[in-house]
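Note sheet for the following structure.
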Amino acid sequence: MSRLTKEKDAKLEEVKKDLFASLGAIVSHDPQLRKNKAIKILEVGVGTGVNFSHYPNGSHLTVVDPNPHFVKYYNDNRKKFPNIHSQDIIVTTGEEMDQVESNSVDVVVMTLVLCSVGHTDKILQQILRVLVPGGKFYFLEHIREFDSEKYGIRQKLQDFLTETGIWPLLFDGCCLNRDMLSAINEAGFSSVIGERFYAPISNFFFKIIQPQLKGVAEK
């Protein structure tokens, strides 16, 4: 899905700015990081690092991405953000990120990734595993159309393009019709605050991914 949604659209950046605003208030479970007023973040599906600008100064960042070719571009981009301490770069899927220790990160971030993972339930369990007690999962995803009365045609088109395999073939396994909010609600988080909204997408062709979900879940 990176060909569509990893570009830094100015309007989507405003959505992210609002979503990540509360990161600065998080207190780390790690005594040393807490002393330095820093937190440990794990970003899954990091790509080139388009979310760097939203992370608090001093954040310690571990990243996971299945694409081995992303590392060069990621490294080039992180040089622009010396305020972020980039630590481990793990080339694997979120479902298989066993290298990340259990109860070790304050925050997990995923933006526009769950649409293309093979096993949504498995990756959510991995997120729960690596988060410290009380840790936060920040998410931003495109989802199945949620207003079938008003936008029923879009909902049917999402189903058709996904179930026929056309869209996943064109866009790296992306599925248009996943119910992400239900999946996150059922994963076992202690609380989930999710907001469905329509992303500010002007391109007519890509309005099919306009229904989106943003929010924060707590372990």
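Quick note, the sequence shown lines up with residues 1 to 219 if you use UniProt numbering. Yeah, the Cβ is synthetic: ideal placement off N, Cα and C, and Gly gets one too. Note that this is a predicted model, so its numbers are computed, not measured.
According to DSSP, residues forming a beta bridge with residue i
{"i": "Asp65", "result": "Val91"}
{"i": "Phe52", "result": "Note: Phe52 sits in no beta bridge, so no partner."}
{"i": "Phe111", "result": "The displayed chain sequence assigns Thr, not Phe, to residue 111. Answer is Leu140, bridged to Thr111."}
{"i": "Gln212", "result": "His142 and Phe197"}
{"i": "Ala25", "result": "Per DSSP, none; premise fails for Ala25."}
{"i": "Ala217", "result": "Phe137 and Val192"}
{"i": "Lys207", "result": "Paired residue(s): none; Lys207 is not in a bridge."}
{"i": "Val15", "result": "Bridge partners of Val15: none, in fact."}
{"i": "Ser86", "result": "Leu61"}
Host alpha helix (DSSP H) of residue i (start-end)
{"i": "Ile122", "result": "In the sequence on display, residue 122 carries Lys and not Ile. Here the alpha helix (DSSP H) through Lys122 covers Thr120 to Val130."}
{"i": "Lys35", "result": "Pro31 to Lys35"}
{"i": "Val71", "result": "Phe70 to Arg78"}
{"i": "Glu149", "result": "Ser148 to Glu163"}
{"i": "Ile166", "result": "Ile166 to Leu170"}
Neighbourhood of residue i by C-beta distance below 7 Å, restricted to the same chain and skipping five residues each side
{"i": "Gln158", "result": "Arg144, Glu145, Leu176, Asn177 and Ile208"}
{"i": "His29", "result": "Asp106 and Val132"}
Euclidean distance between Cα positions of residue i and residue j
{"i": "Leu4", "j": "Glu163", "result": "With a pLDDT of only 45 at Leu4, under 50, the local geometry of the prediction cannot be trusted, and the value read off the model is given with reservation. Roughly 20 Å separates the two Cα atoms."}
{"i": "Gln155", "j": "Ser191", "result": "28 Å"}
{"i": "Asp76", "j": "Lys40", "result": "21 Å"}
{"i": "residue 301", "j": "Leu23", "result": "Outside the displayed span of the chain (1 to 219) sits residue 301, for which this structure offers no information."}
{"i": "Ile184", "j": "Leu213", "result": "11 Å"}
{"i": "residue 239", "j": "His60", "result": "Outside the modelled stretch of the chain, which goes from 1 to 219, sits residue 239, for which no answer is possible."}
{"i": "Gln99", "j": "Pro66", "result": "13 Å"}
{"i": "Gly47", "j": "Tyr74", "result": "7 Å"}
Span of the beta strand (DSSP E), counted from its first residue to its last, around residue i
{"i": "Ile184", "result": "Segment Met180 to Asn185 is the alpha helix (DSSP H) holding Ile184; no beta strand (DSSP E) there."}
{"i": "Leu42", "result": "Lys40 to Val44"}
Selected residue, minimal CA-CA separation from residue i, among the options
{"i": "Val216", "options": "Ala38, Gly58 and Phe189", "result": "Phe189"}
{"i": "Leu128", "options": "Ser116, Glu141, Gly118 and Val109", "result": "Val109"}
{"i": "Asp106", "options": "Leu33, Glu14, Leu12 and Ala21", "result": "Leu33"}
{"i": "Phe206", "options": "Trp167, Met180, Val91 and Glu195", "result": "Trp167"}
Same chain only: Cβ atoms within 6 Å of residue i, ignoring 5 sequence neighbours per side
{"i": "Asp88", "result": "Thr62"}
{"i": "Gln210", "result": "Tyr198, Ala199 and Ile201"}
Same chain, Cβ closer than 8 Å to residue i, five either side skipped, listed in chain order
{"i": "Glu95", "result": "Val117, Gly118, His119, Lys122, Ile123 and Gln126"}
Residue-level contact to chain B via CB, residue i, 8 Å cutoff
{"i": "Ser104", "result": "Chain labels in this structure do not include chain B; a single protein chain is all it has."}
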